[in-house]
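**Q** The numbering used here runs 12 ahead of the 1-based position in the sequence shown. Structure provided below as structure tokens; questions to follow.
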Amino acid sequence: MIITPRLGPALFFYVNGELMFHSCSLDEGEPYGDFLNYPYSHMKIWDKYYKRKYIVDFDYYPRGRVIYRKTDDTFLIYYDKCIEPYIGLVTEKYMECKTELHYDEHYQCHMCNKNYVYI
Numbered sequence: 013m014i015i016t017p018r019l020g021p022a023l024f025f026y027v028n029g030e031l032m033f034h035s036c037s038l039d040e041g042e043p044y045g046d047f048l049n050y051p052y053s054h055m056k057i058w059d060k061y062y063k064r065k066y067i068v069d070f071d072y073y074p075r076g077r078v079i080y081r082k083t084d085d086t087f088l089i090y091y092d093k094c095i096e097p098y099i100g101l102v103t104e105k106y107m108e109c110k111t112e113l114h115y116d117e118h119y120q121c122h123m124c125n126k127n128y129v130y131i
């Protein structure tokens, strides 16, 4: 029997109607106290896969992160409020798991962040 690793920590972007989701298994998650985090930053993933295509910085579009809390086997999903109508695209990946949803100002896009600076 083949056992597939469970979906783990992740980060995501929501760009022009498309969810761009990057995840790893729990075994590949980066430990941080009682949590497991996706091991790469939004900036690193954006620069590697998307910057040339969209020609803006990683924080231009709405984004979010999924962190796993080991103490109670829960996935915490942090996201920009602009993604609210589409957050189901993320939560459906964790349907079999305990989850919590949280808005987080850290993930604000250029439209939500009144102090956003175009470079």
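Quick reminder that beta carbons are idealized off the backbone N, C-alpha and C, glycines included. Small disclaimer: the values here were computed from a predicted structure and weren't measured.
Measure the Cβ-Cβ separation of threonine 111 and isoleucine 95 and say whether it is below 9 Å.
**A** What you label residue 111 is simply residue 99 of the sequence shown in a count that begins at 1. What you label residue 95 is simply residue 83 of the sequence shown in a count that begins at 1. Contact flag unset, no.
**Q** Are there 16 or more other CB atoms within 10 angstroms of the CB of tyrosine 26, so buried, or fewer, so exposed?
**A** The residue you call residue 26 lines up with position 14 of the sequence shown. It is buried - the Cβ of tyrosine 26 has at least 16 other Cβ atoms within 10 Å.
**Q** So, using beta-carbon positions, are histidine 34 and tyrosine 50 closer together than 9 Å?
**A** Position 22 of the sequence shown holds residue 34. Position 38 of the sequence shown holds residue 50. Against a cut-off of 9 Å, the Cβ pair of tyrosine 50 and histidine 34 comes out as a contact.
**Q** Which stretch, first to last residue, makes up the beta strand (DSSP E) that contains isoleucine 89?
**A** In the sequence shown, residue 89 corresponds to position 77, counting from 1. Unbroken beta strand (DSSP E) run through isoleucine 89: 86 to 91.
**Q** Determine the burial state of tyrosine 80: buried for a count of at least 16 other Cβ atoms within 10 Å of its Cβ, exposed for fewer.
**A** If you number the sequence shown from 1, residue 80 lands on position 68. Answer is buried; the Cβ neighbour count reaches 16.
**Q** With respect to the beta strand (DSSP E) encompassing tyrosine 115, which residues constitute its N-terminal and C-terminal limits?
**A** Taking the sequence shown and counting its residues from 1, one reaches residue 115 at position 103. Where tyrosine 115 is concerned, the enclosing beta strand (DSSP E) stretches over 110 to 115.
**Q** Rounded to a whole number of angstroms, what is the C-alpha to C-alpha distance between aspartate 92 and aspartate 85?
**A** On the sequence shown, position 80 is the one that residue 92 refers to. On the sequence shown, position 73 is the one that residue 85 refers to. Roughly 23 Å between the two C-alpha positions.
**Q** Kindly identify the DSSP beta-bridge partner or partners of tyrosine 44.
**A** Numbered from its first residue, the sequence shown carries residue 44 at position 32. Phe47, per the DSSP bridge assignment.
**Q** Please list the terminal residues of the continuous beta strand (DSSP E) segment that includes tyrosine 80.
**A** Numbered from 1 along the sequence shown, position 68 holds the residue referred to as residue 80. Element bounds for tyrosine 80: 75 to 81.
**Q** On a CA-only basis, which of Cys121, Arg77, Leu31, Tyr66 is nearest histidine 114? Give me that one, please.
**A** Residue 114 sits at position 102 when you count from the first residue of the sequence shown. It is Arg77.
**Q** With respect to the beta strand (DSSP E) encompassing glycine 29, which residues constitute its N-terminal and C-terminal limits?
**A** In the sequence shown, counting from the first residue as 1, residue 29 sits at position 17. No beta strand (DSSP E) contains glycine 29, which DSSP labels as neither H nor E.
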